[in-house]
Amino acid sequence: MTGISDEDVEKILAEHSEQPRDVDEAMGIGKRAGDEIKAEARNLYEKYNLGGQDRTYSRIPDEIKRPAEDELYAWMSTRYPQFASQKYASWRMARAWKSLARRKRLNNGNPPLEEGGESSAADSKVPGTPETPQEAPARPKGPFRPWE
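Below you can see the structure in the form of structure tokens.
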């Protein structure tokens, strides 16, 4: 026995209402903090023009990426001190770089639509494919036997 009654626990929790009351609430606070930190990292990524670097995040010189990481760390220290660490700020900036670089790569592969905003069926046609969809051949029944 700890000597603390359930009433004492409730009283302590009521005094510290900012503390989460259960696991779901604690997870909600952590998720919300993570989402805000991620958004701030992306904002700083754009602010410091880290997207202009044509290399992996780890190869960007420290003098270019350090100010963004330091600013994110300072923001985290005031907003979410329980999550603030320089290492986490660096990791979060690297994740923002990876996410935005992936998005940029995908966008470069698909050119933006013209003024009309609509794409025609001819634009999406893959060369060498028939005009009308054909029925797929029947799949054999039974277990897959790669040795046959």
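Count the sequence shown with UniProt numbering and you get residues 1 to 148, in order. By construction, the Cβ of each residue, glycine as well, lies at the ideal position given by its N, Cα and C atoms. Source: prediction; values computed, not measured.
Neighbour-count burial assignment, residue i, 16 or more Cβ in a 10 Å radius
i, result
"ILE37", "buried"
"PRO112", "Since pLDDT at PRO112 reaches only 48, below the 50 mark, its modelled position is unreliable, and no value is offered."
"ARG92", "buried"
"GLU40", "buried"
"LEU106", "exposed"
"ILE64", "exposed"
"GLU7", "exposed"
"GLU46", "exposed"
Other residues of its chain near residue i: CB distance less than 7 Å, five sequence neighbours each side excluded
i, result
"MET76", "ILE37, PHE83, ALA84, ALA89"
"THR78", "none"
"PRO81", "none"
Per-residue DSSP class, three states only, for residue i
i, result
"SER5", "coil"
"GLU118", "At GLU118, the pLDDT of 47 sits below 50, so the modelled position is not reliable and the matter cannot be decided from this model."
"GLY34", "helix"
"GLY142", "coil"
Residues near residue i by beta carbon distance below 8 Å, same chain, minus five either side
i, result
"GLY142", "none"
Proximity of residue i and residue j at Cβ, strictly below 7 Å
i, j, result
"TYR48", "ALA94", "no"
Cβ neighbours of residue i in the same chain (closer than 6 Å, five flanking residues each side left out)
i, result
"ALA96", "ALA41, ARG42, TYR45"
(message) As an exercise, report each continuous alpha helix (DSSP H) stretch of at least 4 residues that is fully enclosed by the stretch 43 to 84, in chain order.
(response) Complete alpha helix (DSSP H) runs here, min 4: 62 to 79.
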